[in-house]
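This report refers to the structure that appears directly beneath it.
In our numbering, the protein residues as written are 1 to 281.
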């Protein structure tokens, strides 16, 4: 039998876009949501200095959604360090226990679970270079933390953050919107979004490690691609997760390592370009 849940949202300043605390009735997980501009006020909340799992949300230079996931024994103290070192974020989700019942090992366990699932779901580019520490908890504590993490996922989704929601790639979507690019011998595959013209480059795509000398964004491109890929023996990067680019041309350029017109270079299984299908009269 499906049961409903009661979720309470407290607007700490009366502003729906300001600081919010959100929790499920009869559960210990509490989420503090706040924009970066309200950080100083968050520091005044007693619960913000507890052990926490936190998620920093923002965008990269191409407009693609990015996230950094971390853990700490003192939420605001750790996030304060990120204000000057991680400039991309504009919003934070901080998860604490209402009864102060979780500790350092617990939030380390939650961090690893969060990084692994967010990376697998690929809704956001996960900026963590490592997966987090592998923590050994007792069997009963694992059950407690897994229930806590279920609440983390629900609360994140409740406020419109789909970082832990896996997008199913149906055969219909793949068949209609799957495109390929082979410029400079890359072998990349992507799903085109008709609404915003973004392209999700699929895990397993092979991209050349080198760029042409005339490509101005080569250094930035190489750093981004290397962070989410593993090298192959024949000089390519193999993507280890999906990655969303804001435009077909940006996606094509990053995939090939040279400037490209993505509307022409992305081609479907029938040999049709994006330009022919979506821009030609």
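C-beta atoms are modelled at their ideal positions from N, C-alpha and C, and glycine is treated no differently. Note that the structure is a prediction, hence the values are computed from the model and not measured.
I need the DSSP call for residue 114, collapsed to helix, strand or coil.
What you label residue 114 is simply residue 114 of the chain shown in a count that begins at 1. Looking at residue 114 - three-state DSSP - the assignment turns out to be helix.
As an exercise, report each continuous beta strand (DSSP E) stretch of at least 3 residues that is fully enclosed by the segment 137–198, in chain order.
178–181, 188–192
Would you list the residues sitting across from residue 200 in a DSSP beta bridge?
Taking the chain shown and counting its residues from 1, the one referred to as residue 200 is at position 200. Note: residue 200 sits in a beta bridge opposite 191, 244.
Quick check on the burial criterion: 16 or more other C-beta atoms within 10 angstroms. Buried or exposed for residue 13?
Locating residue 13 in the chain shown gives position 13, where the first residue counts as 1. Classification for residue 13: exposed.
Report the option in 23, 212, 164, 191 whose CA atom is closest to the CA atom of residue 266.
Counting from one through the chain shown, the residue named residue 266 turns up at place 266. Among 23, 212, 164, 191, the Cα nearest to that of residue 266 is on 191.
Leaving out the 5 sequence neighbours to the left and right, which residues in its chain are closer than 7 Å to residue 5 when beta-carbon positions are compared?
Working through the chain shown from its first residue, we reach residue 5 at position 5. Closer than 7 Å at Cβ, skipping near neighbours: 24.
Which residue marks the beginning of the alpha helix (DSSP H) containing residue 6, and which one marks its end?
Locating residue 6 in the chain shown gives position 6, counting from the first residue. Looking at the DSSP string, residue 6 is not in any alpha helix (DSSP H), and its letter there is neither H nor E.
Three or more beta-carbon pairs under 8 Å between the segment 153–164 and the segment 120–127, yes or no?
yes
Is residue 107 near residue 57, with beta carbons less than 8 Å apart?
Residue mapping note: residue 107 aligns to position 107 of the chain shown, counting from 1. Residue mapping note: residue 57 aligns to position 57 of the chain shown, counting from 1. Taking 8 Å as the Cβ cut-off, residue 107 and residue 57 do not qualify as a contacting pair.
By the 10 Å Cβ neighbour count, where 16 or more other Cβ atoms means buried, how is residue 286 classified, buried or exposed?
No information on residue 286 is available, as it lies outside the stretch 1 to 281 that the chain covers here.
Which of helix, strand or coil DSSP assigns to residue 20:
Here residue 20 corresponds to residue number 20 of the chain shown, with the count starting at 1. The answer is strand: DSSP assigns residue 20 an E or B state.
Could you check if residue 2 is buried or exposed, using at least 16 other CB atoms within 10 Å of its CB as the buried criterion?
Here the question's residue 2 lines up with position 2 in the chain shown. Residue 2 comes out exposed.
Which residue's Cα is closest to the Cα of residue 103: 55, 270, 145, 114?
Here residue 103 corresponds to residue number 103 of the chain shown, with the count starting at 1. For residue 103, the nearest C-alpha among the options comes from 145.
Give the secondary structure of residue 214 by DSSP, where H, G and I count as helix, E and B as strand, and everything else as coil.
Along the chain shown, read from residue 1 onward, the residue named residue 214 stands at position 214. Correct three-state label for residue 214: coil.
Which of the three DSSP states, helix, strand or coil, is assigned to residue 54?
By one-based count along the chain shown, residue 54 stands at place 54. Looking at residue 54 - three-state DSSP - the assignment turns out to be strand.
In whole angstroms, what separates the C-alpha of residue 213 from that of residue 89?
If you number the chain shown from 1, residue 213 lands on position 213. If you number the chain shown from 1, residue 89 lands on position 89. Distance from the CA of residue 213 to the CA of residue 89, rounded to the nearest whole angstrom, comes to 32 Å.
Assign residue 96 to one of three DSSP states: helix, strand, or coil.
The residue given as residue 96 occupies position 96 in the chain shown. Strand.
Throw me the rounded Cβ distance for the residue 115 and residue 69 pair, which I believe falls under 8 Å.
Walking along the chain shown from the start, residue 115 turns up at place 115. Walking along the chain shown from the start, residue 69 turns up at place 69. Yes, they are in contact, since the Cβ atoms of residue 115 and residue 69 sit about 5 Å apart, within 8 Å.
Straight-line gap, residue 209 to residue 250 (C-alpha atoms, nearest Å):
Working through the chain shown from its first residue, we reach residue 209 at position 209. Working through the chain shown from its first residue, we reach residue 250 at position 250. Rounded to whole angstroms, residue 209 to residue 250 spans 17 Å at the Cα level.
Alpha carbon to alpha carbon, what distance is there between residue 28 and residue 148?
Here residue 148 refers to the residue found at position 148 of the chain shown. Here residue 28 refers to the residue found at position 28 of the chain shown. Those two C-alpha atoms are separated by around 8 Å.
Going by DSSP, which residues form a beta bridge with residue 48?
Reading the chain shown from its first residue, position 48 is the one you call residue 48. Paired residue(s): none; residue 48 is not in a bridge.
Kindly list the residues whose CB is nearer than 7 Å to the CB of residue 225, restricted to its own chain and excluding five residues on each side of it in sequence; keep chain order.
In the chain shown, counting from the first residue as 1, residue 225 sits at position 225. 207, 237, 254, listed in sequence order.
Can you look up residue 255 in the DSSP assignment and give me helix, strand or coil?
The sequence position of residue 255 within the chain shown is 255, counting from 1. Of the three classes helix, strand and coil, the one that applies to residue 255 here is helix, per DSSP.
How far does the beta strand (DSSP E) with residue 70 in it reach, from first residue to last?
Looking up residue 70 in the chain shown gives position 70. Run containing residue 70: 65–72, per the beta strand (DSSP E) assignment.
How long is the line joining the alpha carbons of residue 221 and residue 211, rounded to whole angstroms?
Start at 1 with the first residue of the chain shown, and residue 221 comes out as number 221. Start at 1 with the first residue of the chain shown, and residue 211 comes out as number 211. Approximately 9 Å between the Cα atoms of the pair.
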